[in-house]
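Let me begin by presenting the structure, written as structure tokens, before commenting on it.
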Amino acid sequence: MRLSILFLFLMHLFFAQGQRTTNPNSDVSLIVLGTIQDAGSPQIGCTKSCCKELFNRPDEKRKVVSLGIIDPANRKTYLFEATPDIATQLKLLNDHAPFKTDQTPDGVFITHAHIGHYTGLMYLGKEAMNANLVPVYTLPKMHSFLEGNGPWSQLVSNQNINLQTLTDHKSLKISSNITVTPFKVPHRDEYSETAGFRIKGPGKSVLFIPDIDKWHKWNLNLIEELSKVDYAFIDATFYDAEEINNRDISEIPHPFITESMDILKSLPKDEKEKVFFIHFNHTNPVLNTGNPQVDLINSKGFNIARFGDIFKL
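Positions -18 to -1, 1 to 295 (mature numbering (1 follows the signal peptide of the UniProt record, and there is no 0)) are the ones given, in order, by the sequence shown.
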């Protein structure tokens, strides 16, 4: 009897975690290549307990936020965000592909011009990989920023990257199995606009919004957008307001995890299970699995994205 109960519990846990898998095999799949906010963990200059031990004993799973897509039928790989951790993230993406790759992705999609989301492009340059015309997909202002400012412009002139302009809400079919639709979201747009992406595979689709200001500033409705996809990786930079006590929170107005859960609290179980919180600041308590905030998120029916998770699309 106890074994039966345990089996049912494990099956429930499997499905509640978004049907995470470990083998891309022949299916189009998404792999979580990073979950941390732009500046990483530990963060430069941090003397708090959340960083102290990590300087001495780094956690190899703490990579800056990024997703990878593997399309075995077309023998293609795609990267969403070019982070400072791109070297190890690209290695992981290639290692999980069930086919031989040439080490460079078949496309890189960039959300915006904040350090954790595009600066990894530098490693495609002549000082490192010296890549050849890697397609880099951005919205127009991000395109202009990369094309008009060094050192990024050198990647263009040396033909290390090939900039491709996306159009807000216009879908782009990047392979016979994958369609990507960009859309603008409100954020601190000092150098570029900020994009979110909807990624559609043969069977399932994904919402990817690693950075956004408060949800009420968006011209779309989170609940409605969630209903259109199977998985949603959304901004979870801070758990709550108590987490930040040394900066003006109005300068970094991300939606707290507690706010997002409150907005979505009336949804049925199967809708909540689509949500995977991602893009965690180094201070975020959910980075440590033993913290009560993790249990609370799970008990409310939501998920926390973890490095290395794989999802069938």
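Note that the Cβ used here is the ideal one computed from N, Cα and C, for glycine as well. Note that the coordinates shown come from a computational prediction; the quantities given were computed from them, not determined experimentally.
| field | Inter-residue Cα distance where the pair is Phe262 and Glu224 | value | 15 Å
| query | Using the rule of at least 16 other Cβ atoms within 10 Å of the residue's Cβ for burial, across every protein chain shown, is Pro24 buried or exposed? | reply | buried
| said: What would DSSP say about Gln141, mapped onto helix, strand or coil? | reply: coil
| query | How about Phe127 and Ala95: do their beta carbons lie closer than 7 Å? | reply | yes
| task | Locate the alpha helix (DSSP H) running through Ala214, then write down its first and last residues. | result | Segment 213 to 217 is the beta strand (DSSP E) holding Ala214; no alpha helix (DSSP H) there.
| query | Do the region 29 to 40 and the region 138 to 151 touch if we need at least three Cβ pairs shorter than 8 Å? | reply | no
| said: Please tell me whether Leu189 and Val10 are closer than 7 Å, where the distance is taken between their beta carbons. | reply: no
| task | Quick one: grab the DSSP three-state call for Gly50. | result | strand
| request: Could you check the C-alpha separation between Pro54 and Ile18 for me, to the nearest Å? | output: 27 Å
| request: Output the boundary residues of the alpha helix (DSSP H) element that contains Lys34. | output: 31 to 38
| message | Check whether chain D comes within 7 Å of Ser209, counting only Cβ atoms and requiring the distance to be less than that. | response | Of the protein chains in this structure there is only one, and it is not chain D.
| Would DSSP call residue 302 helix, strand or coil? | The displayed coordinates of the chain run from -18 to 295. Any statement about residue 302 would go beyond what the structure contains.
| query | By how many angstroms is the C-alpha of Tyr119 removed from the C-alpha of Trp197? | reply | 25 Å
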